[in-house]
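Okay, so here's the structure we're looking at.
2 protein chains.
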Amino acid sequence: MSETEISTLGEFGLIDRLTRDFTPSQPSTVVGVGDDCAVLRHSDMETLVTTDLLLEGIHFDLTYTPLRHLGYKAIVVNLSDVVAMNGTPRQVTVSVGVSKRFTVEHLDELYAGIRLACKHYDVDLVGGDTSASVTGLIISVTCVGDAPRGTVVRRNGARDTDLICVSGDLGAAYMGLQLLERERKVAAEVQDEQFEPDFAGKEYIIERQLKPEARIDVLDELRQVGITPTAMIDVSDGLSSELLHICKASGVGCRVYEDRIPIDYQTALMAEELNMNLVTAAMNGGEDYELLFTVPLVQHELVQQLKTARLIGRITKPELGAVLETRDGNEISIKAQGWNAFTAGNMSN
Amino acid sequence: MSETEISTLGEFGLIDRLTRDFTPSQPSTVVGVGDDCAVLRHSDMETLVTTDLLLEGIHFDLTYTPLRHLGYKAIVVNLSDVVAMNGTPRQVTVSVGVSKRFTVEHLDELYAGIRLACKHYDVDLVGGDTSASVTGLIISVTCVGDAPRGTVVRRNGARDTDLICVSGDLGAAYMGLQLLERERKVAAEVQDEQFEPDFAGKEYIIERQLKPEARIDVLDELRQVGITPTAMIDVSDGLSSELLHICKASGVGCRVYEDRIPIDYQTALMAEELNMNLVTAAMNGGEDYELLFTVPLVQHELVQQLKTARLIGRITKPELGAVLETRDGNEISIKAQGWNAFTAGNMSN
Chain C
1 MSETEISTLG EFGLIDRLTR DFTPSQPSTV VGVGDDCAVL RHSDMETLVT
51 TDLLLEGIHF DLTYTPLRHL GYKAIVVNLS DVVAMNGTPR QVTVSVGVSK
101 RFTVEHLDEL YAGIRLACKH YDVDLVGGDT SASVTGLIIS VTCVGDAPRG
151 TVVRRNGARD TDLICVSGDL GAAYMGLQLL ERERKVAAEV QDEQFEPDFA
201 GKEYIIERQL KPEARIDVLD ELRQVGITPT AMIDVSDGLS SELLHICKAS
251 GVGCRVYEDR IPIDYQTALM AEELNMNLVT AAMNGGEDYE LLFTVPLVQH
301 ELVQQLKTAR LIGRITKPEL GAVLETRDGN EISIKAQGWN AFTAGNMSN
Chain Y
1001 MSETEISTLG EFGLIDRLTR DFTPSQPSTV VGVGDDCAVL RHSDMETLVT
1051 TDLLLEGIHF DLTYTPLRHL GYKAIVVNLS DVVAMNGTPR QVTVSVGVSK
1101 RFTVEHLDEL YAGIRLACKH YDVDLVGGDT SASVTGLIIS VTCVGDAPRG
1151 TVVRRNGARD TDLICVSGDL GAAYMGLQLL ERERKVAAEV QDEQFEPDFA
1201 GKEYIIERQL KPEARIDVLD ELRQVGITPT AMIDVSDGLS SELLHICKAS
1251 GVGCRVYEDR IPIDYQTALM AEELNMNLVT AAMNGGEDYE LLFTVPLVQH
1301 ELVQQLKTAR LIGRITKPEL GAVLETRDGN EISIKAQGWN AFTAGNMSN
């Protein structure tokens, strides 16, 4: 790979190069990259806006995160927030800060991943900012979406007796991270440039960590089946944390059943191998980007039809608190032990 | 000032504390801080989106930038982009990354400035992200605004014979930066904690650097007088750079007259004192956040009425290039030497 210093292109040259292959395709994009602002037209729709900051050394480690995957993931985690409001992602802006150790080719890789995500989810890149940084890679993404008026699903609509559902499976991204961290340490000890970690049989958990997806397909199925969730949130900080967000915003309690929590067998095997508690990983691991939502009890039969999500518990009166019922019938109070950017590492115990 | 470690609050506690005094007042804000996304309703309007990344050590130096001013400026530079499209800023999201040397009280100061700007310009804080960073302070702001359909003014509408106007005066923010940098070096050499730089008689250029404003008042006057600019841009990277953006986007040339460029006397005195070229500072200094716009020749008399802006030149055929006509009648080709985050420091020669 050739190495071109970013300063040789200058800021505007760099922006031209990075954004030239992005062609807006959304009818709501009136003006994309290249002016003081993007101009969007969300007629008769509600506009959704969300933003995330991804920092090297805090949110990602480039020793095992390919830049292309990082670009893809940076977009997906933002789309996921729009999806969690029952909206459709339409546009993104991407700002990057890069230190001197990054070349133009590195940014080409990052933007290849961004482009792949934009194409896959049919969203337009409409703006951003590029800058040098003193240390490390900084990525800030803002996603704009829309939803027909009155269809947005917030966190505050869950009511007593509602059913609690979650899509996909949980804990895999977290176990993938543990595996990648272990291999990084092994590689550092071996000090062999040729060292290649063996991820055979563990592809799923690695992919869940490095290349998560936003569950637009779940929204599609919910509409098809005829379910409108009363509350919804995406699982970014861990199931426990998200359940508590819904309970707090809705003023309710919840009861979740341990044996209902969806876990992939690769996640279970990895927890076994690393001698870690599987339920803790599934409840508090985070970065699953699955959808957690509540449905009125009367729609119980519709919930049974869902292929992308399953029932894991029910909403209760607030005085009952947030409770996990274990396989052996015990009750454990649910506490947020999710990933916290200010105390990173608290999950490792 | 007491010192509270950020980790004692946790991410959600911190967000609660920082955003509690922000109450949405815009009718278009349906849902503000506290869900997966902000929900906005820009009925029949075009939605404008712009974003900027501000990095410590690249865009600002905290040895002479009070955090309160920095918060204010971080908002203003984004509002300015919406204003430059002839739009009205309505909402902002603010993401911050902070290293361990920052306390909760530091962030309180930053957000006090953000709150002041939001109040002054009547925009709502509707979201954001907070995170630890490995080093330094990182601020990413996205601003959302709106404009009635068909009223957005882009960079590409300038036509041959149009008049070129600019608001306020130029070069002051740059000379303010030079002064602050000089005093920083003096303070470092003196090594006296009690050292207080003397800014008497230089308040204006200091304020232009530390507390710029977005020129919504210029838009108001343009509407009042009956002028709709054919092209507009805000002066963030320097007049030369912005003129070239308009020329490139519109496919035209320009001729600007040196003796027409508005310069405050404090700017001129400072350039004299520092033995720097005044016109270079005014043409290439940047961070003025004034509005540069073009007006059809037939509105010449309306332009004369403007109090907030003045005529500095005219648009020409593309083959004539971008030219500065000096006081002594010479022609200088305008080149972008504006501030570049990738080669910062290139202005000091």
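So the protein sequences, as listed, match chains C and Y. Residues in the first sequence are numbered consecutively from 1, following my numbering. Residues in the second sequence are numbered consecutively from 1001, following my numbering. Don't be surprised by glycine CBs; every beta carbon is placed ideally from N, CA and C. Computed from a predicted structure; not experimentally measured.
How big is the Cα-Cα spacing for C:H99 and C:Y204? According to the sequence provided, residue 99 of chain C is Ser. The question's His does not apply to it. Roughly 32 Å separates the two Cα atoms.
What do you get for Y:K1073, buried or exposed, if any count of 16 or more other CB atoms within 10 angstroms of its CB means buried? buried
Along the region 1212-1232 of chain Y, what residues have a CB closer than 7 Å to any CB found in chain C? none
What three-state label does DSSP hand C:G71 in the structure shown? helix
Residues that DSSP places opposite Y:T1093 in a beta bridge: Y:G1127, Y:T1142
Distance cutoff 8 Å, beta carbons only. Does C:H106 sit that close to anything in chain Y? no
Which chain Y residues sit within Cβ distance under 9 Å of C:R155? G1034, D1035, D1036
Going by C-alpha distance, which of Y:L1324, Y:E1290, Y:A1200 is nearest Y:G1313? Y:L1324
In chain Y, which residues lie less than 7 Å from C:D81 when you measure between Cβ atoms? D1036, C1037
For C:G253, tell me which candidate among C:C165, C:D21, C:L239, C:I334 has the shortest Cα-Cα distance. C:I334
Please go through the same chain and pick out, in chain order, the residues whose beta-carbon is closer than 6 Å to the beta-carbon of Y:E1287, but skip the five residues on each side of it. A1173
From the DSSP output, in three-state form, read off C:E207 for me. helix
Chain C partners of Y:E1046, CB-CB under 8 Å? V30, V39, L40, R41
Runs of 4 residues minimum, wholly inside the region 169-197 of chain C: which ones carry the alpha helix (DSSP H) assignment? 172-190
Do you know offhand how far C:V218's Cα is from C:G168's? 9 Å
Which value, in whole angstroms, describes the spacing of the CA atoms of C:S131 and Y:D1129? 19 Å
Alpha carbon to alpha carbon, what distance is there between Y:L1070 and C:S7? 26 Å
C:L48 and C:G136 - do their beta-carbons sit closer together than 8 Å? no
Excluding sequence positions up to five away, which residues of its chain have a Cβ less than 8 Å from the Cβ of C:E331? V323, L324, E325
Comparing the C-beta of Y:T1093 with each C-beta of chain C, is any distance below 8 Å? yes
Short of 6 Å in beta carbon distance, which residues of its chain neighbour C:I139, apart from the five on each side in sequence? Order them along the chain. L54, A74, V96
Which first and last residues belong to the alpha helix (DSSP H) in which C:G113 is found? 104-121
Please list, in chain order, all residues of the same chain as C:R115 whose beta carbon is under 7 Å from its beta carbon, the five residues on each side excluded. D21, F22
For Y:G1136 and chain C, any beta-carbon pair shorter than 8 Å? yes
Test: C:E331 CB closer than 8 Å to a CB of chain Y: no
Rounded to whole angstroms, what's the CA-CA distance from Y:T1063 to C:R260? Just pull it up for me. 55 Å
Contact criterion: CB-CB distance below 8 Å. Does C:V126 meet it with respect to chain B? Considering every chain present, this structure includes no chain B. Its protein chains are C and Y.
Count the other CB atoms within 10 Å of the CB of Y:V1186; is the residue buried (16 or more) or exposed (fewer)? exposed
Proximal residues of chain Y, C-beta to C-beta of C:V252 below 7 Å: The premise fails here: C:V252 is roughly 16 Å from chain Y at the closest Cβ pair, so nothing lies under 7 Å.
Find out if the Cβ-Cβ distance for the pair C:E213, C:Y289 is shorter than 8 Å. yes
Distance, Y:D1016 Cα to Y:A1231 Cα: 41 Å
Alpha carbon to alpha carbon, what distance is there between Y:L1320 and C:E46? 47 Å
Mind checking C:H300: buried by the 16 CB within 10 Å criterion, or exposed? exposed
Just curious, the alpha helix (DSSP H) that Y:C1165 is in, first and last residue? Unbroken run through Y:C1165 is the beta strand (DSSP E), 1163-1167; no alpha helix (DSSP H).
For the putative contact between Y:C1165 and Y:L1311, defined by C-beta atoms under 8 Å, what is the C-beta separation to the nearest angstrom? 6 Å
Could you check the C-alpha separation between Y:N1078 and C:G157 for me, to the nearest Å? 34 Å
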